[in-house]
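**Q** First the structure, then my questions, so here it is.
There are 2 protein chains.
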Amino acid sequence: MKEKEILLRLVEAEIGRLPLDDTEPQGLYAPIRYILEDGGKRIRPLLCLMGADVYGGEPEKALPAAVAVEVFHNFTLLHDDIMDKAELRRGRPAVHLKWGESGAILSGDAMLILAYRILQNGTPVYGAGKLPGLLEVFNRAAMEVCQGQQYDMDFETCDRPVTRDEYIGMIRLKTSVLLAAALEMGAVVGGASDAERRSLYDFGVNLGLAFQIQDDLLDTYGDAETFGKKIGGDIAAGKKTFLHIAAMEKASAPQRDAILAPGDIGEKLPRVRAVYDALGVREAAETAIAEYFGLALEALRRAHPQAGRLAVLEEYAYSLMKRNK
Amino acid sequence: MKEKEILLRLVEAEIGRLPLDDTEPQGLYAPIRYILEDGGKRIRPLLCLMGADVYGGEPEKALPAAVAVEVFHNFTLLHDDIMDKAELRRGRPAVHLKWGESGAILSGDAMLILAYRILQNGTPVYGAGKLPGLLEVFNRAAMEVCQGQQYDMDFETCDRPVTRDEYIGMIRLKTSVLLAAALEMGAVVGGASDAERRSLYDFGVNLGLAFQIQDDLLDTYGDAETFGKKIGGDIAAGKKTFLHIAAMEKASAPQRDAILAPGDIGEKLPRVRAVYDALGVREAAETAIAEYFGLALEALRRAHPQAGRLAVLEEYAYSLMKRNK
């Protein structure tokens, strides 16, 4: 079994041990079980365990931190789905459709508290001395994720064009810092130095940027069968993605109109994609992904004097960028 | 100046120092400032400071814990107002009406994280050794408040009658445990023993129960002018308060109908109040308040060997029960 598979089993087992099944009231805990059990890729907890492993900390010792980050991440998905009025999450009805909006708000709140509880209850596992450092990393990232979500909402409703820098700043907060925090928390458990922690954090931030821009790219240019969800969702919703912003920077007036005009997805997707193609937007995205991924690998190499210790993380980072879904 | 006034100034000053004014994005932080600046009674932070004072801890040392609890409490109000579709909070438009529901959900999330950040940032004030204990008390209470809110929603929609025990269990979670936790966190900062902490916690739980039942009573029997809000709100909304539940336990079939039949507030309030009067519901509530307040004072006397140290808390507890708003 590959290293990643072993760590994934640890994560799933630990999530399975959360006391959600028979804790009352079930109206509060059933939605939490529901969103956690259909897991997604578990990227953040895996990064956390790998972060600990780099510095020779047993990955098991980072499990509470890893699961706390995963619970937090799923909390953000739950609340984001309410805000976005999303109907599906990982192919199943979103929590707010199944349990109502009030139930979804409250279960999300309980998840956020649960994340802190898991972190605190893990003290015997990673030692009380590590708690303040873990909390500091977690708290800062948690607040930044909220800032990122606010910028995302602000951008969607503002009239002026969003710049590429603003977009990068937004996805840095909304997506990247939590990947980076997961890694740094692993490094804290593993006993990394401050400089090593920072390098691993930088690796996470840049990996996250590459990952999010790739997500934007796949949504427009992915293969429908392997991507697993409908292509063109962002274009249909008029989302201000990296591709949209890069296109609007260079578009002529008629091209802008072609991007902005409404239409059903069957007509709008090829129309907008044709403009993107004409403007070289796909290549711009691929260049940005390659650049951020390059920065990520550079930061990773600084994260530990022994290159060998970084192998699992590096391989996992490559696998994330080779994904087609 | 009375002791309580001095502590209140400390609390207001500390809340005023929260970095909310110029932190971006303002869409996230302006609602937090808005709900915190129009403060209410600041009961929880005052109890926290008084709890520290009982054990000779300087109240200033408990300020981060006190403010964390107050920020958490206001977070629950913000999200509860969305769930209840409440339009006013302390006489002003609720956050979700002013900033929209998505903004209110997200700002509430950020407040919850802010509460943890304040608690963590206070480490230099109360000493790192106190953090795990404070977090444990805070986390348990925070989760219980969510459980209480879930039971409250469950009770409002369930068809069967809610028992008095179930109601007490619900308000214990929804209201009392946070008062108790505020006191216990103060005791932790003050250096109380485990037994003293528990006694002060019990004082808070029982005080909270007395306070909430008094709230139910004032909503139906209070004086409109001094109460500061409309009398009969609970009856108009058909809320399952202590009075409602006590009445339904004893009511005849026609009396039940009289309680449950809809109607505008001008007609429904006197009609339901007449049934309550006939069933002695007011007296039942007053008895319950007196009993819980008595239990609170008993627990308070166990909380410290020196009776004199408890004077400020005892006086404040009496002032809370003598309120008419």
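Sequence order for the protein chains is A and B. With the numbering used here, letter number 252 in the first sequence gets 252, and the count goes up by one each step, no holes. Take the position in the second sequence, starting the count at 1, then add 1000; the result is the number in the numbering used here. Every residue gets a Cβ at the ideal spot worked out from N, C-alpha and C, and that includes glycine.
1. Could you tell me whether any Cβ in chain A is nearer than 8 Å to the Cβ of residue 1048 of chain B?
2. Output yes if chain A places a C-beta closer than 8 Å to the C-beta of residue 1001 of chain B; else output no.
3. Please go through the same chain and pick out, in chain order, the residues whose beta-carbon is closer than 8 Å to the beta-carbon of residue 341 of chain A, but skip the five residues on each side of it.
4. Is residue 194 of chain A close to chain B, meaning its C-beta is less than 8 Å from at least one C-beta of that chain?
5. Any beta carbon of chain A sitting closer than 8 Å to that of residue 1117 of chain B?
6. Report all residues from its chain with a CB closer than 8 Å to the CB of residue 110 of chain A; omit the five preceding and five following residues, and keep chain order.
7. Report the residues of the segment 1126-1139 of chain B with a CB closer than 7 Å to any CB of chain A, ordered along the chain.
8. Would you mind listing the alpha helix (DSSP H) stretches within the segment 1041-1082 of chain B that are 4+ residues and don't spill past its ends, in chain order?
9. Over what stretch of residues does the alpha helix (DSSP H) that includes residue 14 of chain A continue unbroken?
10. Rounded to a whole number of angstroms, what is the C-alpha to C-alpha distance between residue 1334 of chain B and residue 1074 of chain B?
11. I believe residue 1296 of chain B touches residue 1210 of chain B by the beta-carbon criterion, under 8 Å. Please report the beta-carbon distance rounded to the nearest angstrom.
12. Does any C-beta atom of chain B lie closer than 8 Å to the C-beta of residue 57 of chain A?
13. Could you name the residues of the same chain whose beta carbon sits closer than 6 Å to that of residue 22 of chain A, not counting the 5 residues immediately before and after it, in chain order?
14. Looking at the secondary structure, which residues open and close the alpha helix (DSSP H) in which residue 20 of chain A lies?
15. Quick check: what's the CA-CA separation for residue 54 of chain A versus residue 189 of chain A?
16. Figure out for me which residue from B/1200, B/1281, B/1232, B/1221 has the closest Cα to the Cα of residue 1314 of chain B.
17. Counting C-beta neighbours from all protein chains within 10 Å, is the total for residue 158 of chain A 16 or more, i.e. buried, or is it exposed?
18. Where residue 140 of chain A and residue 1144 of chain B are concerned, what is the direct C-alpha to C-alpha distance, given to the nearest angstrom?
19. Determine which residues of the segment 50-83 of chain A have a Cβ less than 7 Å from any Cβ of chain B, and write them out in chain order.
20. Can you give the Cα-Cα distance for residue 232 of chain A and residue 1088 of chain B, rounded to whole angstroms?
21. With a threshold of 8 Å between beta-carbons, can residue 149 of chain A be considered close to chain B, or not?
22. For residue 1160 of chain B, which of B/1240, B/1310, B/1319 has the nearest alpha-carbon?
23. Take the Cβ of residue 5 of chain A as the centre, count every other Cβ of all protein chains shown within 10 Å, and call the residue buried at 16 or more, exposed below.
24. Is residue 1163 of chain B close to chain A, meaning its C-beta is less than 8 Å from at least one C-beta of that chain?
25. Three-state secondary structure (DSSP) at residue 1164 of chain B?
26. Report yes or no: do the segment 1161-1171 of chain B and the segment 1128-1142 of chain B share at least 3 C-beta pairs separated by less than 8 Å?
27. Going along the segment 1018-1029 of chain B in order, which residues come within less than 7 Å of chain A, judged by CB to CB distance?
28. Quick check: what's the CA-CA separation for residue 1323 of chain B versus residue 1289 of chain B?
29. To the nearest angstrom, report how far apart residue 1142 of chain B and residue 115 of chain A are at their CA atoms.
30. Quick one: list the residues of chain B neighbouring residue 123 of chain A, beta-carbon separation under 8 Å, in chain order.
31. Residue 143 of chain A touches chain B at which residues, Cβ-Cβ below 8 Å?
32. Output the distance between the C-alpha atoms of residue 124 of chain A and residue 191 of chain A, rounded to the nearest integer angstrom.
33. On the DSSP letters alone, give me the boundaries of the alpha helix (DSSP H) that residue 1334 of chain B sits inside.
34. Could you list which residues in chain B have their beta carbon closer than 8 Å to that of residue 102 of chain A, in chain order?
35. Between the Cα of residue 238 of chain A and the Cα atoms of A/258, A/57, A/251, which residue gives the shortest distance?
36. Compute the distance between the beta-carbons of residue 1167 of chain B and residue 1245 of chain B, then report whether it is under 8 Å.
**A** This is what the structure gives:
1. No, residue 1048 of chain B lies away from the interface with chain A (no Cβ there is under 8 Å from its Cβ).
2. Because residue 1001 of chain B sits at a pLDDT of 45, beneath the cut-off of 50, its placement in the model cannot be relied upon, and the point is left open.
3. Outside the displayed span of chain A (1 to 325) sits residue 341 of chain A, for which this structure offers no information.
4. At a cut-off of 8 Å between beta-carbon atoms, residue 194 of chain A makes no contact with chain B.
5. Answer yes: the Cβ-Cβ gap between residue 1117 of chain B and chain A drops below 8 Å somewhere.
6. If we look at residue 110 of chain A and ignore the five residues flanking it on each side, its Cβ neighbours are 28, 29, 32.
7. Taken in chain order, the members of the segment 1126-1139 of chain B whose beta-carbon sits within less than 7 Å of a beta-carbon on chain A are 1128, 1131, 1132, 1135, 1136, 1139.
8. Within the segment 1041-1082 of chain B, the complete alpha helix (DSSP H) runs of at least 4 residues are 1043-1054.
9. Where residue 14 of chain A is concerned, the enclosing alpha helix (DSSP H) stretches over 3-16.
10. Residue numbering for chain B in the displayed model covers 1001 to 1325; residue 1334 of chain B lies beyond these limits and cannot be assessed.
11. Their Cβ separation, rounded to whole angstroms, is 6 Å, which keeps residue 1296 of chain B and residue 1210 of chain B in contact under 8 Å.
12. With 8 Å as the cut-off, residue 57 of chain A does not count as an interface residue toward chain B.
13. Apart from the 5 residues on each side of it in sequence, residue 22 of chain A has no Cβ closer than 6 Å to any other Cβ in its chain.
14. No alpha helix (DSSP H) holds residue 20 of chain A; DSSP gives it neither H nor E.
15. So the alpha carbons of these two residues sit roughly 10 Å apart.
16. The shortest Cα separation from residue 1314 of chain B among B/1200, B/1281, B/1232, B/1221 belongs to B/1200.
17. With fewer than 16 Cβ atoms within 10 Å of its Cβ, residue 158 of chain A is classed as exposed.
18. Their Cα atoms are separated by approximately 25 Å.
19. Against chain B - using a Cβ distance shorter than 7 Å - the residues of the segment 50-83 of chain A are 79, 82, 83.
20. The straight-line gap from Cα to Cα measures roughly 41 Å.
21. It does: the Cβ of residue 149 of chain A has a partner Cβ on chain B nearer than 8 Å.
22. Residue B/1240 is the option with its Cα nearest to residue 1160 of chain B.
23. Exposed, because fewer than 16 other Cβ atoms sit within 10 Å of the Cβ of residue 5 of chain A.
24. It does not: the Cβ of residue 1163 of chain B has no partner Cβ on chain A nearer than 8 Å.
25. For residue 1164 of chain B, the three-state secondary structure derived from DSSP is helix.
26. Contact between the segment 1161-1171 of chain B and the segment 1128-1142 of chain B is not established, with fewer than three Cβ pairs separated by less than 8 Å.
27. Taking 7 Å as the Cβ-Cβ cut-off against chain A, the residues of the segment 1018-1029 of chain B that qualify are 1025, 1027, 1028.
28. Looking at the two C-alpha atoms, the distance is approximately 13 Å.
29. Cα to Cα, residue 1142 of chain B sits roughly 12 Å from residue 115 of chain A.
30. Against chain B, a Cβ distance below 8 Å from residue 123 of chain A picks out 1132.
31. Chain-ordered, the chain B residues with CB closer than 8 Å to the CB of residue 143 of chain A read 1110, 1113, 1114, 1117.
32. Residue 124 of chain A and residue 191 of chain A: Cα-Cα distance of roughly 16 Å.
33. It is not possible to answer for residue 1334 of chain B, since the shown part of chain B is limited to 1001 through 1325.
34. Annotation: Cβ neighbours of residue 102 of chain A in chain B (cutoff 8 Å, chain order): 1082, 1083, 1153.
35. A/258 is the residue among A/258, A/57, A/251 whose C-alpha sits nearest the C-alpha of residue 238 of chain A.
36. Yes, these two residues count as a Cβ contact at 8 Å.
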